[in-house]
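Peer 1: Under the working numbering, the sequence shown has 312 at position 323, and the numbering climbs by one with no breaks. A single structure is presented below for examination.
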Amino acid sequence: MNQIIRFHATGGPEVLQLEQSDPGQPGAGEVLLRHTAIGVNFIDTYHRSGLYPLTLPSGLGTEAAGVVEAVGEGVSHVAVGDRVAYAGGAQGAYSQQRVMNAAPLVRLPDDVSDEPAACVMLQGMTVEYLIRRTFAVQPGQTVLWHAAAGGVGQIAVQWLKSLGVHVIGTVGNADKAAIAHRLGCKHVINYREEDVVARVNEITDGKGVPVVYDSVGKDTFNISLDCLAPRGMFVSFGNASGAVPPFAPLLLAQKGSLFFTRPKLGDYVASRSELEASAAALFERIGAGAVKVQPSARYALADAARAHADLEARQTTGSIILLP
Ligand SMILES: NC(=O)c1ccc[n+]([C@@H]2O[C@H](COP(=O)([O-])OP(=O)(O)OC[C@H]3O[C@@H](n4cnc5c(N)ncnc54)[C@H](OP(=O)(O)O)[C@@H]3O)[C@@H](O)[C@H]2O)c1
């Protein structure tokens, strides 16, 4: 029988339950997929906790790699037997098999195997749009990236370095600092011990950075504001420490005519052409050897709750996956 993770009430990791379910057969526009590796992302914890509300009971997860087992009417961009991966669509990736809308699927190149694919689709396409389209970072610029040793962070550091960008990465402990250095951060700041604003000022000769990528949210909001150069861009793309509270637009004027944006992946891969271009850019960086990704931890599907607990306790580095 097909195993899936579902939850019937929001709460801590313990609400995630292993259940049995018949995936059924694909209807028009759908495929039946057999998953081989499933991505675990911080956003899954927001859905589980209720920060991002879902109708319950619900499956969980929007990223995986696998093989197409059957296709419904009208599906032409993938075929039975194709190796594919996706980031997006309905919840339900935490499963051995599922029927899903075919729209988010992309075929995997031969040089990208299933486990790395399940690590990079969501986090890697996020990096793609953040550094090329939300703010087009230029070679020689210095940028600030919080949680640089995390899943998104590790991909970002490698990609930016390959473009000749100087990355100041923040991390929560010494082991993560070593990882961030090894992957290419020019400067690493342990934000639990050091004064980030003072260090960024020192590194940039008091000028500040043109862009801050902040996925930590509540705890780093004021710090990020004070690290920006006049007319800099605040890219607030996550809430690992909690959501940023409301603030007055006047604050952006007081801090130097700053720009503020709160982007999300779905809006940057909304059309088939954008999705394919984003995935192609990511696969190009992987193929060139500029971005290397392997899961830092693998959990059985049945241990999804433990994966969530580790992620929320800041125990993980890089990307983590579930094996169905
Ligand atoms: N907007 C989008 O399109 C989009 C897409 C993908 C991901 N995201 C966001 O990007 C962020 C990173 O996602 P990820 O899946 O790669 O996770 P991750 O970075 O592997 O894990 C989150 C990291 O945030 C840091 N953190 C700081 N304060 C924390 C706190 N109070 N609780 C927990 N973690 C804290 C921790 O690193 P340190 O210990 O080093 O501080 C932790 O390892 C998340 O906020 C996620 O929601 C946004």
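Just so it is clear, CB atoms sit at the ideal spot from N, CA and C, and this is done for glycine as well.
Can you check which of these residues, Thr131, His155, Glu58, Val258, is closest to Gly173 by C-alpha distance?
Peer 2: His155
Peer 1: Please determine whether the Cβ atom of Asn211 lies at a distance below 7 Å from any heavy atom of ligand 1.
Peer 2: no
Peer 1: Following a CB-centred definition, is Ile32 positioned closer than 7 Å to any heavy atom of ligand 1?
Peer 2: yes
Peer 1: Return the residue from the list Gly140, Arg121, Arg96, Pro46 that minimises the CA-CA distance to Ser285.
Peer 2: Gly140
Peer 1: Applying the 10 Å Cβ sphere with the 16-neighbour rule, what's the burial state of His135?
Peer 2: buried
Peer 1: Note down, in chain order, each residue of its chain lying with its Cβ closer than 7 Å to the Cβ of Ala293, except the 5 sequence neighbours on either side.
Peer 2: Ile(-6), Leu5, Tyr83, Leu311
Peer 1: Kindly indicate the opening and closing residues of the beta strand (DSSP E) around Asn90.
Peer 2: Run containing Asn90: 86 to 90, per the beta strand (DSSP E) assignment.
Peer 1: Quick check on this structure: which residue in Gly13, Gly77, Val132 has the alpha carbon closest to the alpha carbon of Cys216?
Peer 2: Val132
Peer 1: Let me know if Gln329 comes out buried or exposed under the rule of 16 or more other beta-carbons within 10 Å of its beta-carbon.
Peer 2: No answer is possible for residue 329: the residues shown for the chain start at -10 and end at 313.
Peer 1: Per the DSSP calculation, Val201 is bridged to which residue(s)?
Peer 2: Leu133, Phe223
Peer 1: Taking one C-beta from the stretch 223 to 237 and one from the stretch 199 to 206 each time, how about it: are there three or more such pairs within less than 8 Å?
Peer 2: yes
Peer 1: Would Arg261 be called buried (16 or more neighbouring beta carbons within 10 Å of its own) or exposed?
Peer 2: exposed
Peer 1: Alpha carbons only, please: which of Arg87, Ala53, Val57, Leu49 is nearest the one belonging to Met(-10)?
Peer 2: Arg87
Peer 1: Since Thr34 is in the alpha helix (DSSP H), which residue starts that stretch and which ends it?
Peer 2: 31 to 38
Peer 1: Is Gly13 helix, strand or coil by DSSP?
Peer 2: coil
Peer 1: Is the distance from the Cβ of Leu97 to the Cβ of Val60 below 8 Å?
Peer 2: no
Peer 1: Under three-state DSSP, which class holds Gln304?
Peer 2: coil
Peer 1: Report the partner residues of Asn179 according to the DSSP bridge assignment.
Peer 2: Among the bridge pairs identified by DSSP, Asn179 is matched with Val160.
Peer 1: Consider the C-beta atom of Phe226 and the heavy atoms of ligand 1; say whether any pair is separated by less than 7 Å.
Peer 2: Remark: the C-beta of Phe226 is in contact range of ligand 1, defined as less than 7 Å to any heavy atom.
Peer 1: Using the beta-carbon count (16 or more within 10 Å), is Val314 buried or exposed?
Peer 2: Residue 314 is absent from the structure shown; the chain starts at -10 and stops at 313.
Peer 1: Mark Ala(-2) as exposed unless 16 or more other C-beta atoms lie within 10 angstroms of its C-beta, in which case mark it buried.
Peer 2: exposed
Peer 1: For Phe249, list the residues DSSP reports as bridge partners.
Peer 2: Phe223
Peer 1: How many angstroms separate the CA atom of Tyr180 from the CA atom of Thr159?
Peer 2: 6 Å
Peer 1: Is any heavy atom of ligand 1 found at a distance shorter than 7 Å from the C-beta of Ala259?
Peer 2: No; taking the cut-off as 7 Å, the Cβ of Ala259 has no heavy atom of ligand 1 nearer than that.
Peer 1: Candidates Glu301, Thr44, Asn90: which alpha carbon is nearest Ala17's?
Peer 2: Comparing alpha-carbon positions, the option among Glu301, Thr44, Asn90 lying closest to Ala17 turns out to be Asn90.
Peer 1: Is the stretch 248 to 265 close to the stretch 115 to 126, with three or more CB pairs under 8 Å?
Peer 2: Contact holds: three or more Cβ-Cβ distances are below 8 Å.
Peer 1: Please state whether DSSP places Ala286 in a helix, a strand or coil.
Peer 2: strand
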